Amino acid sequence: VFTGKDPSRALAISSLKPEDCVPEWHDLEDVYKTVLSEWYAFLSKRYNIVGKVRISSSDSANSASK
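What the sequence shown shows, in the working numbering, is residues -18 to 47, in sequence order.
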């Protein structure tokens, strides 16, 4: 579900739905931001960062229209 995508929002809201794999998380309530922070801490202790997902202009336009 998360491969090749930014799962920030999905992790924050504990969702496995592909449509929730979007990088927009700034509008979430504080409780979800805390969950996302906890996921970051958990995963960063176990895995090395090997890359970052870049948002193309077409991807950001598509997610802005949702």
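Beta carbons: idealized from backbone N, C-alpha and C, even for Gly.
The structure presented is a predicted model; accordingly, all values stated were derived computationally and were not measured.
For residue i, which option in the options has the closest C-alpha, if you only look at C-alpha atoms?
i       : options                            : result
Leu(-3) : Ser(-11), Trp6, Asp(-13), Val(-18) : Val(-18)
Lys14   : Lys26, Ser(-11), Thr(-16)          : Ser(-11)
Cys57   : Glu10, Lys26, Gly(-15)             : One cannot answer for residue 57 here, as it falls past the ends of the chain, which runs -18 to 47.
By how many angstroms is the C-alpha of residue j removed from the C-alpha of residue i?
i     : j        : result
Ala22 : Ala(-9)  : 16 Å
Val12 : Asp(-13) : 20 Å
Gly32 : Asp8     : 25 Å
Glu10 : Ile(-6)  : 10 Å
For residue i versus residue j, is the C-beta spacing smaller than 8 Å?
i     : j     : result
Leu17 : Trp6  : yes
Pro4  : Ile36 : yes
When DSSP labels each residue in this structure, what does residue i get in the three-state scheme?
i        : result
Phe(-17) : coil
Glu19    : helix
Lys26    : helix
Pro4     : coil
Lys14    : helix
Pro(-12) : coil
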